[in-house]
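>
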Amino acid sequence: HGVKTTSRTPNKDVKEKKKNPEKANEKSDTNVAKPPGPTTKLPPGEKSKDNSAAVRKPGLHKVLALDVTLTPRDPNAVGQFGQAAVVASNENEEVMKRWDEGHFNVFLSEQIPVDRAIPDTRPETCAQNLVHDDLPSTSVIFCFVDEVWSTLLRSVHSVLNRSPPHLLKEIILVDDFSTKDYLKKPLDEYMSQFAKVRIIRLKERQGLIRARIAGAAVAKGEVLTFLDSHVECNVGWLEPLLERIYLDRKKVPCPVIEVINDKDMSYMLVDNFQRGIFKWPLVFGWNALPKEYIRKNNMTISDPIRCPVMAGGLFSIDKKYFYELGTYDPGLDVWGGENMEISFKIWMCGGEIEIIPCSRVGHIFRGQNPYKFPKDRQKTVERNLARVAEVWLDEYKDLFYGHGYHHLQNRNVIDIGNLTEQIELRKKLKCKSFKWYLENVYPDMVAPLVKAEGLVFNRGLRKCLAVQEGFLSFEICDLSKQSQHFNYTWMRHIRQKNLCVALQGTDNSFALQLCDNIKPEQRWIHKSANSALAEHLITELVSHHMCLEAAPRGDSLHLNPCEPSKAFQKWQFTHYYAQ
Ligand code: LR7
Ligand code: MN
Numbered sequence: 246h247g248v249k250t251t252s253r254t255p256n257k258d259v260k261e262k263k264k265n266p267e268k269a270n271e272k273s274d275t276n277v278a279k280p281p282g283p284t285t286k287l288p289p290g291e292k293s294k295d296n297s298a299a300v301r302k303p304g305l306h307k308v309l310a311l312d313v314t315l316t317p318r319d320p321n322a323v324g325q326f327g328q329a330a331v332v333a334s335n336e337n338e339e340v341m342k343r344w345d346e347g348h349f350n351v352f353l354s355e356q357i358p359v360d361r362a363i364p365d366t367r368p369e370t371c372a373q374n375l376v377h378d379d380l381p382s383t384s385v386i387f388c389f390v391d392e393v394w395s396t397l398l399r400s401v402h403s404v405l406n407r408s409p410p411h412l413l414k415e416i417i418l419v420d421d422f423s424t425k426d427y428l429k430k431p432l433d434e435y436m437s438q439f440a441k442v443r444i445i446r447l448k449e450r451q452g453l454i455r456a457r458i459a460g461a462a463v464a465k466g467e468v469l470t471f472l473d474s475h476v477e478c479n480v481g482w483l484e485p486l487l488e489r490i491y492l493d494r495k496k497v498p499c500p501v502i503e504v505i506n507d508k509d510m511s512y513m514l515v516d517n518f519q520r521g522i523f524k525w526p527l528v529f530g531w532n533a534l535p536k537e538y539i540r541k542n543n544m545t546i547s548d549p550i551r552c553p554v555m556a557g558g559l560f561s562i563d564k565k566y567f568y569e570l571g572t573y574d575p576g577l578d579v580w581g582g583e584n585m586e587i588s589f590k591i592w593m594c595g596g597e598i599e600i601i602p603c604s605r606v607g608h609i610f611r612g613q614n615p616y617k618f619p620k621d622r623q624k625t626v627e628r629n630l631a632r633v634a635e636v637w638l639d640e641y642k643d644l645f646y647g648h649g650y651h652h653l654q655n656r657n658v659i660d661i662g663n664l665t666e667q668i669e670l671r672k673k674l675k676c677k678s679f680k681w682y683l684e685n686v687y688p689d690m691v692a693p694l695v696k697a698e699g700l701v702f703n704r705g706l707r708k709c710l711a712v713q714e715g716f717l718s719f720e721i722c723d724l725s726k727q728s729q730h731f732n733y734t735w736m737r738h739i740r741q742k743n744l745c746v747a748l749q750g751t752d753n754s755f756a757l758q759l760c761d762n763i764k765p766e767q768r769w770i771h772k773s774a775n776s777a778l779a780e781h782l783i784t785e786l787v788s789h790h791m792c793l794e795a796a797p798r799g800d801s802l803h804l805n806p807c808e809p810s811k812a813f814q815k816w817q818f819t820h821y822y823a824q
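Here the sequence shown stands for residues 246 to 824, where the numbers follow full-length UniProt numbering.
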């Protein structure tokens, strides 16, 4: 729960789309990605350290398809042109041995040039698109902890090789207290070849959220571009992102995230028209834009796609704007939830999140995090999400807690830290409500505030639950009587105003109590129509199944062992919104 499980499903293997690389008769001096590597030669095109922009007249130009690797030094190298690479069967053991270093094919990655070419997967019109001559410059920020050497280098090279130099202010590597030796001196030495690359070392493990904040703090570019440390930026990736910010500084553009296969390292295309969404309880996912929406807006495959939430790792944002938004909540730890936080914050406080199809970056999707969590992984992510829910979801936070996170509300057990500053920030920025966000940004999201409501009909008794002078009773059902109206909430409460049906004391009696999210005696499980105990109200107070039952004379309520066919244990609400 609450853990990002989405791995993108690629649609086609791009190599089929691509013409065969012409044979070049260069010598094979492949820059293999073996650590520690400082002795390896520079790929061509990276020798010049100063690429300061010539004086340009403001105007428009075609997106620069800068790619020194279009005619790579070694066209026959393993994995060249983003193709799948195979490992000889006698090397399989080695592959498995190295796998856990990064939770992908580390062995293979080392044999692939750090500056390999990848297929240009942009929609065809992208190369013809015009962008402004005077785009803002960017600092590219890579945070990493114990990243694999070859992928870290390939990430950096892809930015150096495929970004117009005058737009790339610098590359900032934020080392989040890595434990590997090759990321210390050898990395310093290797990166010292590149005037634009700076390394920042955190003195203790901060997690990716605070590591990004640390990177932003020293960045000199007008725009911040965050990337994961195992990516390959594609041809022409940068300008379309910067162009959006140039047009409106409150736009937060993301590239299309393509798939670098974790087994064979091939570069794979993903489906068009995908946007980032979330499902309860704040689980990120991809989903295709509704066909109608595409038609209604006359969208082509290269048009920006508005996204309710971003995946998290890859985006550009105007630096000043990032600070106006208060960066990230620095109380978020290690990994997870920060993509929800920044997404809600951007939309609710006046910005926009877009995927830009003309900007494409490959990312290695891994089955597991290859680094340690200082505390329990699950608990870390849950706590982060609870912070986000408390600050941004308003009354909808019940939907978050109601989807398997009831236990998170017990602040005696789970300390989610102080939220005052975050709540103050939201007020200061005069951000809109979560209701506004749902209605305007993510209208196809189903988010009923209660699971069911109306009369609570007992099948055996054929009467309805009612409140009379503060006590529970039964009456002839009458929709017009407010005393018979109850909500069945995400907190699993049977609720009328601020009163909840509760099991009281040890003598099996019932009462109305002030609703309290933590008390198990107020929680009733009401199962879906096609389960064995459908319509029953099962108390959460005891571990074995005990059900709420009406006495046949209708003068009292009891708690009895659940029986699937017992009509006096069956309760029905008038309207159901969710199960
Ligand atoms: O403690 C840490 N310190 C770090 O510096 C933990 C991680 N990191 C670094 C890490 O080395 C990596 O470069 O932070 C980066 C992201 O960590 P990953 O690659 O383990 O994350 P992920 O790709 O599994 O997860 C996605 O969700 C995260 C939620 O917190 C972040 O937002 C990631 O950036 C994000 N990645 C993407 O959006 C790429 C596409 C994945 C999808 C969907
Ligand atoms: Mn990642």
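Using N, Cα and C, we set each Cβ at its ideal position, and we do this for glycine too.
Below 8 Å on the Cβ atoms is my guess for F813 versus G699; work out the distance and round it to an integer in Å.
By 1-based counting over the sequence shown, the position of residue 813 is 568. By 1-based counting over the sequence shown, the position of residue 699 is 454. The Cβ separation is near 20 Å, so there is no contact.
> By DSSP, does F719 sit in helix, in strand, or in coil?
In the sequence shown, residue 719 corresponds to position 474, counting from 1. The answer is strand: DSSP assigns F719 an E or B state.
> In the DSSP assignment, the alpha helix (DSSP H) including I458 goes from what residue to what residue?
By 1-based counting over the sequence shown, the position of residue 458 is 213. Segment G452 to V463, the alpha helix (DSSP H) holding I458.
> Cutting at 6 Å between CB atoms, please list the residues of its own chain near T545, excluding the five before and the five after it.
Locating residue 545 in the sequence shown gives position 300, counting from the first residue. Result list for T545: empty, nothing under 6 Å.
> Does the beta-carbon of G460, which I'm using as the reference point, lie nearer than 7 Å to any heavy atom of the ligand MN?
Numbered from 1 along the sequence shown, position 215 holds the residue referred to as residue 460. No, the beta carbon of G460 sits no closer than 7 Å to any heavy atom of the ligand MN.
> For V463, count the other beta carbons within 10 Å of its own beta carbon; 16 or more makes it buried, fewer makes it exposed. Which is it?
For this step, residue 463 is matched to residue 218 along the sequence shown. V463 comes out exposed.
> Could you work out which residue in F560, E597 and P535 is closest to C552 when comparing CA atoms only?
To locate residue 552, count along the sequence shown from 1; it is residue 307. Looking at the Cα atoms, E597 is the closest of the given residues.
> Given 7 Å as the limit, tell me if H306 has its C-beta closer than that to any heavy atom belonging to the ligand LR7.
As a working mapping, residue 306 is identified with position 61 in the sequence shown. No, the ligand LR7 has no heavy atom inside 7 Å of this Cβ.
> Does the Cβ of A456 have 16 or more other Cβ atoms within 10 Å, making it buried, or fewer, making it exposed?
Working through the sequence shown from its first residue, we reach residue 456 at position 211. Label assigned to A456: buried.
> According to DSSP, is N753 part of a helix, a strand, or is it coil?
For this step, residue 753 is matched to residue 508 along the sequence shown. It is coil, neither helix nor strand.
> For G705, is the beta carbon positioned less than 7 Å from some heavy atom of the ligand MN?
Here the question's residue 705 lines up with position 460 in the sequence shown. Not under cutoff, so the answer is no.
> Keeping to the same chain, check which residues put their C-beta closer than 6 Å to that of S382; ignore five residues upstream and five downstream.
Here residue 382 corresponds to residue number 137 of the sequence shown, with the count starting at 1. So the qualifying residues of the chain are L412, K414, G466 and E467.
> Bridge partners for S384 per DSSP, in chain order?
For the purposes of this step, residue 384 is taken as residue 139 along the sequence shown, with counting starting at 1. DSSP, once it has assigned bridges, lists E415 and L469 as partnering S384.
> By DSSP, does L514 sit in helix, in strand, or in coil?
Taking the first residue of the sequence shown as 1, we reach residue 514 at position 269. Residue state, collapsed to three classes: strand.
> Between I763 and the rest of its own chain, which residues show a CB-CB distance below 7 Å, the 5 nearest in sequence each way excluded?
Here residue 763 corresponds to residue number 518 of the sequence shown, with the count starting at 1. Contacts found: Q654 and N655.
> Report, in whole angstroms, the separation of the C-beta atoms of Y641 and F679, which I expect to be a contact under 8 Å.
Reading the sequence shown from its first residue, position 396 is the one you call residue 641. Reading the sequence shown from its first residue, position 434 is the one you call residue 679. So it is a contact: roughly 5 Å between Cβ atoms.
> Counting Cβ pairs, one atom from each stretch, are 3 or more of them under 8 Å apart for the region 759-776 and the region 666-683?
Too few Cβ pairs lie closer than 8 Å, so no.
> Where does Y427 fall in DSSP's three states?
By 1-based counting over the sequence shown, the position of residue 427 is 182. Helix at Y427.
> Any heavy atom of the ligand LR7 closer than 7 Å to the CB of A456?
For the purposes of this step, residue 456 is identified with residue 211 of the sequence shown, where counting begins at 1. Yes, the beta carbon of A456 sits closer than 7 Å to at least one heavy atom of the ligand LR7.
> What residues match up with C594 in a beta bridge as DSSP calls it?
Translated into positions along the sequence shown, residue 594 becomes position 349. Answer is none; C594 lacks a bridge partner.
> Using a Cβ-based criterion (distance less than 7 Å to any ligand heavy atom), does N614 qualify as near the ligand ATP?
The ligand ATP is not part of this structure, which contains only the ligand LR7 and the ligand MN.
> On the three-pair Cβ rule with 8 Å, is the region 569-582 touching the region 472-488?
The answer is no - the region 472-488 does not touch the region 569-582, with fewer than three Cβ pairs under 8 Å.
> Just checking my contact of P526 with H651 at CB under 8 Å: how many whole Å lie between their CB atoms?
Here the question's residue 526 lines up with position 281 in the sequence shown. Here the question's residue 651 lines up with position 406 in the sequence shown. That belief does not hold up - the Cβ atoms of P526 and H651 are roughly 11 Å apart, past 8 Å.
> Determine the direct distance from the alpha carbon of A362 to that of P288, and round the result to whole angstroms.
One-based indexing of the sequence shown puts residue 288 at position 43. One-based indexing of the sequence shown puts residue 362 at position 117. Residue placement at P288 is poorly supported in this model, since its pLDDT is 45, which falls under 50; the coordinates still yield a value, given next. Their backbone Cα atoms lie some 12 Å apart in a straight line.
> Can you give me the Cβ contacts of L717 inside the same chain, cut-off strictly under 8 Å, excluding the 5 residues immediately before and after it?
Counted from its first residue, the sequence shown places residue 717 at position 472. Within the same chain, L717 has close Cβ partners L710, A711, V746, F755, A756, L757 and L802.
> To which residues does DSSP link V393 through a beta bridge?
Working through the sequence shown from its first residue, we reach residue 393 at position 148. For V393, DSSP records no beta bridge to any residue.
> Please return the same chain residues whose Cβ sits closer than 6 Å to the Cβ of D509, not counting the five positions on each side in sequence.
Translated into the one-based positions of the sequence shown, residue 509 becomes position 264. Excluding five sequence positions before and after D509, the CB atoms of its chain that fall closer than 6 Å to its own CB belong to A329 and A330, given in chain order.
> On the DSSP bridge list, what partners appear for T784?
Start at 1 with the first residue of the sequence shown, and residue 784 comes out as number 539. Answer is W769.
> Assuming Y616 is part of the alpha helix (DSSP H), what are its boundary residues?
Start at 1 with the first residue of the sequence shown, and residue 616 comes out as number 371. From DSSP, Y616 is part of no alpha helix (DSSP H); its letter is neither H nor E.
> Kindly confirm or deny that the region 728-741 and the region 684-704 touch, where touching means at least three C-beta pairs closer than 8 Å.
yes
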